[in-house]
Amino acid sequence: MDVCLEAHDRSMMSLKPRNVDFQETWASLKETVAGVVALRAVERAVWNMRFSDVYALCVAHPEPLADRLYDETRNFLEEHVGELLKRVQGNAPLDSSDYNDGLLTRYVAAWREYSQGVAYLNSLYSYLNLQHVKKQKVSDAEIIYGSSATVSCPEHDSRQLEVGELGLVTWERILVQSLSAGLTARIVAALSAARDCQLEPAMADVLHAAIHSAVHAQAHRVRAPLQLYQQLVLEPYLNAAAAHHARRAANLLQDGDISHYMKHTLEGLEREIMLACRYLHSSSREAVRACYERAE
């Protein structure tokens, strides 16, 4: 019984606010953070210690260090995504639409690693998210709207973002925006190719993942969660598709056979809907249909 009480007392003492050396604690935490976002193995004991470090920094005495921890974590994520940007771009020209040149494949590999990594990181920082970020969201909403029931748009203030959300915003701002022209050109070209013939399974998987990464990256947003997807994928694709449909309709009309024209028009619509179902976000199907019908 005495042993149990002693262990309980030690546990309670570890939860009490105390003086914390930020630089020393952050140095250890940063090493683990780097491993987590790169999906390297982290021992359970190390994870538990770093979880405790996050807690200790958030409740540090005499002044909590949550803001400083948040800022250092943001700086780390910015540096990390900057390195991923170099890895993804490689030597690929951004003005190319060659979807087989490796850029899309590298992009998807980096996205899968990073998005899973920041999801784990979000768990590691769960105390900061719960006690610091969410309280910040509520207090800011009360100031702006006079009611905690309404939450302001978090992407306008990085400290209103949970660490996992911060990671996704950083990915979009540093990597996606830098590569947007090259990503869009390759995605549109790959979708155009998929219209005419079935893509190789590996490329089909890469194309689907690249497109839906734009959805996932902004899924946390309160307003306009599909904005990146629409700008990066949907709108450029619809513009290219409209031009394609118009050319095709003109060629069919030149034949002068209405029954032939109607047959190919209906087949074309079915093909466009199937393409949208396979690769695009489900919200896009009506836009794809309308784009086709306007051109035909």
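So the sequence shown is residues 1 to 296, counted in the UniProt record's numbering. A virtual CB, placed ideally from N, CA and C, is assigned to each residue, including glycine. Model, not experiment: these values are computed from the prediction.
Residue of the options minimising C-alpha distance to residue i
i	options	result
alanine 242	Ala295, Ala119, Gln89 and Asp71	Ala295
proline 62	Asn19, Leu103 and Val42	Asn19
leucine 168	His132, Gln116 and Leu232	Gln116
arginine 186	Ala217, Arg221, Asn122 and Val233	Val233
proline 93	Val222, Leu253, Ser259 and Thr184	Thr184
alanine 217	Arg106, Leu166 and Val46	Leu166
tyrosine 114	Trp47, His245, Ala60 and Arg40	Arg40
alanine 214	Lys134, Glu43 and Glu172	Glu172
leucine 77	Cys197, Ala38, Ala250 and Ala209	Ala38
arginine 285	Glu79, Gln230 and Pro64	Gln230
alanine 74	Val59, Thr170, Asp95 and Leu57	Going by the sequence as given, residue 74 is arginine instead of alanine. Cα-wise, what sits closest to arginine 74 is Thr170.
alanine 60	Gly182, Asp196, Gln198 and Asp21	Asp21
valine 33	Leu103, Val88 and Tyr120	Tyr120
glutamate 200	Asn48, Thr105 and Ala249	Thr105
serine 282	Glu162, Asp101, Ile211 and Val88	Ile211
leucine 161	Ser192, Ala219 and Gln198	Ala219
asparagine 91	His244, Gly182, Ile258 and Cys197	Gly182
asparagine 122	Pro64, Ser192 and Trp47	Trp47
glutamate 79	Lys30, Asp257, Asp101 and Gln198	Lys30
Delimiting residues of the alpha helix (DSSP H) encompassing residue i
i	result
asparagine 103	The residue asked about is misnamed: residue 103 is leucine in this sequence, not asparagine. Looking at the DSSP string, the run of the alpha helix (DSSP H) that includes leucine 103 is 103–124.
glycine 90	From DSSP, glycine 90 is part of no alpha helix (DSSP H); its letter is neither H nor E.
proline 201	201–216
cysteine 291	285–295
glutamate 165	163–170
arginine 40	Arginine 40 -> no alpha helix (DSSP H), and no H or E assigned at all.
glutamine 177	177–196
arginine 44	44–58
8 Å contact criterion, which residue i and residue j should meet: CB distance rounded
i	j	result
leucine 124	valine 36	6 Å
leucine 207	tyrosine 279	6 Å
alanine 45	leucine 57	Contact flag wrong, Cβ pair sits at about 19 Å.
tyrosine 99	alanine 190	4 Å
valine 118	glycine 164	5 Å
tyrosine 261	leucine 269	Incorrect: roughly 13 Å between the Cβ atoms, too far for contact.
arginine 195	arginine 248	Between arginine 248 and arginine 195 the Cβ distance is about 10 Å, and since that is not below 8 Å, they are no contact.
serine 192	histidine 244	7 Å
Closer than 7 Å: residue i CB and nearest the ligand MN heavy atom
i	result
leucine 121	For the structure depicted, the ligand MN is absent and the ligand set is empty, with no information on it obtainable.
Practice problem: Inspect the CB distances between the stretch 166–181 and the stretch 254–265 and report whether three or more fall short of 8 Å. | Solution: no
Quiz item: Is the stretch 99–111 touching the stretch 76–91 in the sense that three or more CB pairs, one from each, lie closer than 8 Å?
Solution: yes
Self-check item: Contact the stretch 123–135 vs the stretch 68–80: 3+ CB pairs below 8 Å
Solution: yes
Quiz item: Which whole runs of the alpha helix (DSSP H) in the stretch 231–272 are 4 residues long or more, in chain order?
Solution: 235–254
Quiz item: Counting Cβ pairs closer than 8 Å, one from the stretch 48–67 and one from the stretch 23–32, do we hit at least three?
Solution: yes
Quiz item: Is the stretch 231–238 in contact with the stretch 281–294, if contact means three or more CB pairs nearer than 8 Å?
Solution: yes
Quiz item: Are the stretch 268–275 and the stretch 213–223 touching by the rule of at least three beta carbon pairs closer than 8 Å?
Solution: no
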